[in-house]
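The sequence shown begins at -13 in this note's numbering and counts up by one.
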Amino acid sequence: MLKVANSVINASRITGVLPVANGGTNASTASITSFNNITGFTASGTTGTTSTNLVFATTPTLVGDVNLSTGNLVIGTDGKGIDFSATSHPAGMTSELLDDYEEGIFTPTIVGSTTSGTGTYSAQVGFYTKIGRQVTVYGRVAITNHTGTGNMLIGGLPYALNLDYATGSIVGTNLLVNATSYPIIFMAGLNSTTIIIEQVAIATGANASVPLDTSCDLLFSITYFAAS
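This is the structure:
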């Protein structure tokens, strides 16, 4: 068994080349000799110095489970991640690489479609989770006054949308909706960080925008896809 950074690796289950930076710091001559006796592996550097590294190499293959007792699995290159290509998939599959995960906060805004304007905010908080290209945002935004004109938009999203629609729900007070309209839906422009709030007429199913009011309080949850 080979122990590296408080973790145990079974060297007999490693093929290929696995670099271990500073893995053999101050390694003794005996330990390096023992390590070199493992077929296919060598040590570099001088024994008993901080320059000694136990070198496996570049593309290892591990057989069996890998357990990290401490620390994280760190992806060191943008666009790389966990490859699920060994699993089955339907004909429409475009990617099996999970290359991003994020959690964070953002500041939602209310803007007008004709004139963006400036709002006076009594609440303005947003959270997001990004898994691959899928982004889910939720938060609250409330205004007591606004100088914008036109229809109401929610702005300040953490990632631009890659489609012209999104899904989600919204509840609020002082929304200027028609009595015969239900439900509220979300539309968006490509590469935009704003969401258009629209209402659907019960009788006809036609969409209509929600006019911007000078005072409202919105709670929302929206899921959409980013470009990458």
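All residues carry an ideal CB built from backbone N, CA and C; glycine is no exception. Quick caveat, the model's predicted, so the values are computed rather than measured.
Rounded to the nearest angstrom, how far is the Cβ of residue i from that of residue j, given a contact under 8 Å?
| i | j | result |
| --- | --- | --- |
| G142 | T93 | 5 Å |
| A174 | Y151 | 6 Å |
| G98 | G136 | 4 Å |
| S207 | Y124 | 4 Å |
| G118 | D85 | 7 Å |
| Y213 | N148 | Contrary to the premise, residue 213 reads as Ala rather than Tyr in this sequence. The Cβ separation is near 4 Å, so the contact holds. |
| Q120 | F211 | 6 Å |
Find out if the Cβ-Cβ distance for the pair residue i, residue j is shorter than 8 Å.
| i | j | result |
| --- | --- | --- |
| E270 | D69 | For residue 270 there is no data in the structure shown, the boundaries of the chain being -13 and 214. |
| T122 | T209 | yes |
| V186 | I171 | yes |
| K66 | E88 | no |
| A128 | Y107 | yes |
| M138 | I91 | no |
| I96 | I140 | yes |
When you compare the CB of residue i with every CB in chain D, is at least one pair closer than 8 Å?
| i | result |
| --- | --- |
| V163 | Here there is only one protein chain, and chain D is not present. |
Going straight from the alpha carbon of residue i to that of residue j, what length do you get?
| i | j | result |
| --- | --- | --- |
| N131 | V52 | 56 Å |
| L198 | R126 | 16 Å |
| D203 | T190 | 28 Å |
| N177 | N58 | 33 Å |
| G221 | L54 | Residue 221 lies beyond the stretch modelled for the chain, which goes from -13 to 214, so this question has no answer here. |
| L161 | G154 | 17 Å |
| T101 | S201 | 16 Å |
| A72 | L205 | 41 Å |
| T28 | G50 | Note on T28: pLDDT 48, under 50, position unreliable in the model; no value is reported. |
| T56 | V163 | 54 Å |
| M79 | G103 | 43 Å |
| V60 | Y114 | 21 Å |
| T159 | H75 | 44 Å |
| N(-8) | I181 | In this predicted model, N(-8) has a pLDDT of only 45, less than 50, meaning its place in the structure is not dependable enough to derive any value. |
What are the boundary residues of the beta strand (DSSP E) that includes residue i?
| i | result |
| --- | --- |
| S108 | G105 to I117 |
| V60 | First-last for V60: undefined, no H or E at that position. |
| T141 | First, the amino acid is wrong: residue 141 is Gly here, not Thr. Element bounds for G141: M138 to G141. |
| G158 | Y151 to T159 |
| F92 | Y87 to F92 |
| F70 | Premise fails: F70 is in no beta strand (DSSP E) and is neither H nor E. |
| V186 | I181 to A187 |
| Y145 | Here Y145 belongs to no beta strand (DSSP E), and DSSP marks it neither H nor E. |
| N131 | Q120 to H132 |
| N193 | N193 to S195 |
| S214 | No beta strand (DSSP E) holds S214; DSSP gives it neither H nor E. |
| T190 | Neither: T190 is in no beta strand (DSSP E) and is coded neither H nor E. |
| G50 | No beta strand (DSSP E) holds G50; DSSP gives it neither H nor E. |
| G78 | Element bounds for G78: n/a, residue is neither H nor E. |
| T100 | From DSSP, T100 is part of no beta strand (DSSP E); its letter is neither H nor E. |
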